[in-house]
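Single-structure report; data block below.
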Ligand code: C5P
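Residue numbers (our numbering): 138 to 395.
Now the structure itself:
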């Protein structure tokens with residue numbers, strides 16, 4: 138179904154970018170898919186079909202399952218723009234913390250989401266502590282409502298898009314052409330996240346990370362709005378025993394088979 142291909146080396150070179158195409162983040166370009174529209178609402182925005190002929194690939198899964206890296210590689214492979222939607226929730230949490238607000242303050246979190254102009258270049262977005270705060274704000278309906286429309290417009294670009302997150306196949310892009318649910322055991326995910334953070338110079342304890350991951354799985358899976366769920370038509374990809382190259386090949390096989 139999908140035609141464009143690049144070499145594996147090219148895929149690796151874009152790891153670390155949240156999107157694979159230049160975007161304006163100053164909030165002045167209203168036509169940009171990551172700018173806010175006037176009245177976003179959960180479930181109320183229009184899915185892309187019909188009329189959009191681009192390919193949409195939805196990738197969901199729990200923290201540190203490999204979905205983000207796979208999303209970047211798949212986007213590069215097909216020459217599609219990519220959005221790591223977790224960064225949006227992280228950016229909301231960061232703007233709250235920067236303003237001295239608590240992440241469980243619903244009014245402040247909702248206002249921060251409504252005013253969000255994400256800066257994906259901010260390295261603090263990837264901090265371990267921010268994942269926890271992001272998962273707290275992500276359970277708030279007002280925060281999700283403020284972010285749903287910009288995600289859908291990103292998905293509905295004419296050439297298509299790759300989005301990864303927790304609710305892409307279930308809520309944001311139920312019409313996606315290909316859906317992957319990427320998972321791995323909590324122990325393996327904790328091991329990967331510790332290795333990643335240690336490589337960035339952060340000294341993290343494996344047991345503490347495993348606790349974090351379990352707590353986040355529980356919160357993301359049990360919240361009432363857009364909980365982490367495998368869409369009925371999503372294909373499961375368990376990466377526990379796979380390195381990134383093998384996981385990438387398996388993901389491509391799934392996408393090419395739909
Ligand atoms: O993917 P990442 O771990 O960076 O996401 C941080 C948090 O943002 C998740 O734990 C989850 O609570 C939330 N999130 C979400 N829906 C998405 C993406 C992320 O609720 N589509």
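Where is the CB? At the ideal position from N, CA and C, for every residue including glycine.
From 286, 290, 252, 230, residue whose alpha carbon lies closest to that of residue 261: Walking along the chain shown from the start, residue 261 turns up at place 124. Answer by Cα proximity: 230.
The ligand C5P heavy atom lying under 8 Å from the CB of residue 281: Here residue 281 refers to the residue found at position 144 of the chain shown. Yes; taking the cut-off as 8 Å, the Cβ of residue 281 has a heavy atom of the ligand C5P nearer than that.
Nonlocal neighbours in the same chain, by C-beta distance under 8 Å from residue 329, ignoring five residues either side: Residue numbering aside, residue 329 sits at position 192 when the chain shown is read from its first letter. 201, 203, 321, listed in sequence order.
Buried/exposed call for residue 307, threshold 16 Cβ in 10 Å: The residue given as residue 307 occupies position 170 in the chain shown. Counting Cβ neighbours within 10 Å, residue 307 comes out buried, since at least 16 surround it.
For residue 227 and residue 267, the rounded distance between their alpha carbons: Start at 1 with the first residue of the chain shown, and residue 267 comes out as number 130. Start at 1 with the first residue of the chain shown, and residue 227 comes out as number 90. Straight-line Cα distance between these residues: approximately 6 Å.
Cβ pair count under 8 Å reaching 3, the stretch 337-345 against the stretch 274-291: no
is_contact[residue 362, chain D] using C-beta, thresh 9 Å: Protein chains in the displayed structure number just one, and chain D is not present.
Counted within 10 angstroms of its Cβ, other Cβ atoms place residue 222 as buried (16 or more) or exposed: As a working note, residue 222 is residue 85 in the chain shown. Within 10 angstroms of the beta-carbon of residue 222 lie 16 or more other beta-carbons, which makes it buried.
For residue 353 and residue 347, the rounded distance between their alpha carbons: By one-based count along the chain shown, residue 347 stands at place 210. By one-based count along the chain shown, residue 353 stands at place 216. Answer to the nearest angstrom: the Cα atoms are 10 Å apart.
Which listed residue (370, 356, 285) has its alpha carbon closest to that of residue 364: As a working mapping, residue 364 is identified with position 227 in the chain shown. Minimum Cα distance to residue 364 is reached at 356.
Whole-angstrom distance between residue 303 and residue 319, CA atom to CA atom: Position 182 of the chain shown holds residue 319. Position 166 of the chain shown holds residue 303. The alpha-carbon atoms of residue 319 and residue 303 are separated by roughly 10 Å.
Beta-carbon proximity of residue 210 to residue 291, cut-off 9 Å: What you label residue 210 is simply residue 73 of the chain shown in a count that begins at 1. What you label residue 291 is simply residue 154 of the chain shown in a count that begins at 1. Not in contact: residue 210 and residue 291 (Cβ atoms no closer than 9 Å).
Residue 291, DSSP secondary structure in three states: Taking the first residue of the chain shown as 1, we reach residue 291 at position 154. The answer is helix: DSSP assigns residue 291 an H, G or I state.
Any non-hydrogen atom of the ligand C5P closer than 8 Å to residue 305 Cβ: Mapped onto the chain shown, residue 305 falls at position 168. For residue 305, the CB falls within less than 8 Å of some heavy atom of the ligand C5P.
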